[in-house]
Amino acid sequence: MGTDTTSSTIEISIGGMTCASCAARIERKLNKLDGVEASVNYATEKARISYAGDLTPADLVKVVEDTGYTAELPTTPSEAAEPTDTLKQRLITSTVLAVPVIALAMIPALQFTYWQWLSLALAGPVVTYAAWPFHKAAWTNLRHGAATMDTLISLGVGAAFLWSLYALFLGTAGTPGMTHGFTFTIERMAGTGNIYLEVAAGVTTFILAGRYFEARSKRRAGAALTALLELGAKDVAVIKDGREVRIPTGELKTGDHFVVRPGEKIATDGVVEEGSSAVDASMLTGESVPVEVRKGDSVVGATVNVGGRLVVRATRIGADTQLAQMAKLVEEAQNGKAEVQRLADRISAVFVPIVIALAVGTLGFWLGTGNGAGAAFTAAVAVLIIACPCALGLATPTALLVGTGRGAQLGILIKGPEVLESTRRVDTVVLDKTGTVTTGRMSLVSVHTAEDEDELLKLAGALEHASEHPIAKAIVKAAGEVPEVEGFQNVEGLGVQGVVNGHAVLVGREKLLDDWSIQLDTDLEKAKAEAEQQGRTAVLVAWDGKARGVLVVADTVKPTSKEAIEGLKRLGLRPVLLTGDNRAAAEAVAAEVGIDEVIAEVLPTDKVDVVKRLQDEGRVVAMVGDGVNDAAALAQADLGLAMGTGTDVAIEASDLTLVRGDLNAAVDAIRLSRRTLSTIKGNLFWAFAYNVAALPLAALGLLNPMIAGAAMAFSSVFVVSNSLRLRAFH
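Here the sequence shown is numbered in full-length UniProt numbering, starting from 1 and rising by one per residue.
Shown next as structure tokens:
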């Protein structure tokens with residue numbers, strides 16, 4: 001460890017990783033260093049490193065570079081867009097040049113006198129510039145004794161191109177008037193008259209197209225944090241020398257007094273010095289009922305003041321605020337999330353060594369049987385060429401493209417291929433209560449009165465009309481048209497009073513009625529107790545000195561939630577209700593929708609721990625949420641689903657976004673993801689099957705270019721048409 005025991009943490013951006021095994025390789029190298037703890041995330045392309053001793057960030061960058069990847073110390077976010085841009089340039093170049101090459105090879109009518117040389121001129125840049133990322137990755141993998149899909153692509157493209165060069169310059173393929181007859185005859189030949197430039201150019205283009213679509217649908221991890229920090233107030237009215245001065249939030253200091261008007265966001269964490277109000281903290285805490293605050297109560301930055309004017313003394317600023325802590329939690333959860341290694345890479349790791357062994361064996365066999373070096377090399381190279389499945393590059397992206405397109409039509413946005421692999425294994429679904437299972441809005445659920453119900457609502461609604469409180473809004477909405485009020489008065493923290501239609505009316509808590517010596521009768525007492533037992537809010541109404549009714553207000557369950565929970569159970573998933581709300585309210589909701597497992601009274605920052613705990617029990621967890629308080633848990637879960645009606649932060653931190661705020665969409669999302677994944681697996685099977693079927697022909701030296709080209713085209717067409725079947729998903 002050295003003498004210095006203080007450790008520093010740094011985040012490094014890493015380039016050149018092609019799969020999860022690359023990330024694991026870099027992690028191993030870094031962790032071998034003394035005093036270093038590193039975790040590398042393939043999805044965000046970042047390494048989070050704690051180091052102690054005499055090491056410097058530059059040393060860490062050098063270790064990553066020596067491993068064969070690029071590394072950069074933290075930079076500005078605007079530079080992050082670059083990889084997709086260069087990929088796009090390579091794809092456009094490759095497409096423009098490869099289309100004529102493939103057309104010339106496959107359509108004999110286009111083969112003019114010197115067509116093969118034009119093909120070479122067009123294919124050259126495709127094989128060198130456009131395919132460069134594959135060659136570079138293959139070289140890196142080779143240095144580490146590993147094989148991935150890139151190795152296979154680089155081998156196949158390289159073999160096809162080099163053989164074509166040999167045939168053109170040293171064989172007979174360069175003679176004027178050479179044609180590729182469109183025959184599927186199987187016969188043994190020297191191969192020196194055949195070129196495979198269309199294989200080299202076609203494979204590169206198809207696979208680049210696949211990579212580009214994938215890159216576009218991925219890489220949005222950093223956006224979650226930007227969205228979180230965007231939530232805060234941008235400027236704030238600070239009291240200086242008795243007058244208000246507007247300053248940017250960043251200039252606020254601990255101890256400053258600032259003003260928050262109704263409807264404004266609270267600029268930072270602090271303590272109320274003057275005024276009283278209700279604060280809507282639902283986006284941070286997930287609580288549907290606003291919190292009443294008065295002098296001496298603490299408030300959290302980025303929550304919204306819905307009631308009166310407040311003067312707040314700032315207690316925590318910048319990185320110490322609750323919002324900043326949540327941003328940190330989201331980032332850590334995303335960094336810690338292990339990515340599934342791409343299926344194609346797992347297959348390639350086995351397939352590549354077999355193909356190379358087969359090529360070497362073929363070469364040895366033909367040389368050993370005295371068939372001449374020309375025939376032996378033709379057969380060996382043919383094995384390498386046919387083994388490169390161009391459909392392999394299309395297998396994942398086409399299914400993903402059709403699947404995500406169909407998802408978008410159904411209101412489901414899928415972030416990338418890793419997401420699909422997660423849905424397969426999920427066995428537990430954690431559902432946030434407020435805004436996910438319930439509407440997240442207060443509404444009147446029942447009225448208990450011996451009087452005329454309409455009159456009760458009219459009188460209560462008239463008084464509540466002047467209030468901004470969500471509970472008041474629920475009562476006003478139920479009341480409809482309301483009469484005028486005289487002598488309206490807001491009794492701080494207890495309710496409202498005034499004169500309506502000649503009646504002296506009180507609406508609020510029991511304490512307000514006590515102050516006027518008004519008692520509840522047994523029926524109303526029972527109704528109030530029952531409502532509170534279910535975690536609902538009971539609002540009492542009295543007029544002319546007598547208690548007349550109880551209005552029960554609650555966050556109601558969405559109409560589709562019960563059906564959705566049944567759908568999740570049918571998919572073999574175990575639903576768990578998670579909420580910061582009190583246990584009574586949570587259990588009432590759970591009973592209504594059919595959930596057996598309830599975890600209630602959880603602080604926002606502890607939601608991540610609940611997900612981790614379930615994961616430690618060996619469960620594979622999907623999390624459905626909609627608030628800022630769910631963001632870290634969504635990132636931590638094996639599969640995060642965000643309600644599109646929720647906050648941007650939750651949406652950015654999730655893997656799937658459900659545009660409709662309907663839980664049924666979660667059932668559809670998991671079904672669609674599973675269907676897409678099985679399509680990808682089918683595609684991969686066929687991508688390899690065509691090539692494997694043609695391998696024996698290649699090894700026997702019977703493979704002519706037409707068969708190689710046809711196998712390539714066939715497997716690609718099959719993969720694309722198989723993917724298109726996803727469009728019929730309902």
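We treat Cβ as the ideally placed atom computed from N, Cα and C, and that holds for glycine.
The model shown is predicted, which means the values in this text are computed figures rather than measured ones.
Note down the Cα distance separating residue i from residue j, rounded to an integer number of angstroms.
| i | j | result |
| --- | --- | --- |
| L573 | L540 | 42 Å |
| F169 | D85 | 36 Å |
| L155 | I14 | 25 Å |
| residue 764 | A399 | Nothing can be reported for residue 764: it is not among the residues displayed for the chain, which extend from 1 to 730. |
| T67 | I26 | 7 Å |
| G307 | E484 | 21 Å |
| K62 | A71 | 8 Å |
| V259 | V236 | 7 Å |
| V40 | D596 | 37 Å |
| G435 | A395 | 37 Å |
| D626 | I471 | 21 Å |
| T579 | E592 | 15 Å |
| V360 | I354 | 10 Å |
| K546 | A479 | 21 Å |
| S94 | P696 | 31 Å |
| R570 | H180 | 56 Å |
| R675 | V624 | 20 Å |
| D432 | Q325 | 20 Å |
| D581 | T423 | 28 Å |
| G374 | R143 | 30 Å |
| L603 | T321 | 15 Å |
| R536 | S678 | 45 Å |
| R313 | S276 | 14 Å |
| L700 | L363 | 10 Å |
| V203 | I153 | 8 Å |
| E464 | A584 | 27 Å |
| V611 | L639 | 11 Å |
| V64 | M178 | 50 Å |
| G661 | G644 | 6 Å |
Would you call residue i buried or exposed, if buried means 16 or more other Cβ atoms sit within 10 Å of its Cβ?
| i | result |
| --- | --- |
| P559 | exposed |
| K32 | exposed |
| G158 | buried |
| Q636 | buried |
| L551 | buried |
| D668 | buried |
| L252 | buried |
| G498 | buried |
| G508 | buried |
| G370 | exposed |
| L568 | buried |
| I107 | exposed |
| P248 | exposed |
| V350 | exposed |
| S561 | buried |
Assuming residue i contacts residue j under a Cβ cut-off of 8 Å, what Cβ separation, rounded to an integer in Å, is found between them?
| i | j | result |
| --- | --- | --- |
| G407 | L672 | 5 Å |
| A58 | A47 | That pair is no contact at about 14 Å. |
| L208 | R90 | 6 Å |
| L457 | V447 | 7 Å |
| Y166 | K88 | That pair is no contact at about 33 Å. |
| V311 | E264 | About 12 Å separates the two Cβ atoms, so there is no contact after all. |
| A504 | N664 | That pair is no contact at about 48 Å. |
| P262 | E468 | 6 Å |
| L60 | L97 | That pair is no contact at about 40 Å. |
| residue 803 | G594 | No statement about residue 803 is possible, as the shown extent of the chain runs from 1 to 730 and does not include it. |
message = I'd like to know if the segment 118 to 136 and the segment 82 to 102 are in contact, where contact means that at least 3 CB-CB pairs between them fall below 8 Å.
response = yes
ask   = Between the segment 423 to 434 and the segment 563 to 581, do three or more beta carbon pairs fall short of 8 Å?
value = yes
ask   = Enumerated in chain order, which unbroken segments of the beta strand (DSSP E) with a length of 3 residues or greater are wholly contained in the segment 258 to 305?
value = 269 to 274, 277 to 280 and 291 to 293
Three CB pairs or more closer than 8 Å across the segment 109 to 121 and the segment 49 to 68 = no
task = Check whether the segment 266 to 279 touches the segment 308 to 323, counting contact only when three or more Cβ pairs, one atom from each stretch, lie closer than 8 Å.
result = yes
message = List, from N- to C-terminal side, the alpha helix (DSSP H) runs of 4 residues or more that fit wholly inside the segment 598 to 633.
response = 607 to 616
query = At a cut of 8 Å, does the segment 677 to 685 reach the segment 722 to 729 through at least three beta carbon pairs?
reply = yes
key: At least three beta-carbon pairs within less than 8 Å, the segment 615 to 635 to the segment 377 to 386   = no
request  = Could you pull out every unbroken beta strand (DSSP E) segment of at least 3 residues lying fully inside the segment 487 to 534, listed in chain order?
outcome  = 495 to 500 and 503 to 508
task = Please list the segments of the beta strand (DSSP E) lying wholly inside the segment 653 to 693, counting only runs of 3 or more residues, in order along the chain.
result = 656 to 658
message = In chain order, what are the residue ranges of uninterrupted alpha helix (DSSP H) at least 4 long that sit wholly in the segment 547 to 591?
response = 561 to 570
request  = Starting from the N-terminal side, write out each stretch of the alpha helix (DSSP H) that is 4 residues or longer and does not extend beyond the segment 381 to 464.
outcome  = 390 to 409, 417 to 425 and 453 to 464
inquiry  = My parser needs the alpha helix (DSSP H) runs of 4 or more residues fully inside the segment 110 to 135; what are they?
reply    = 115 to 125
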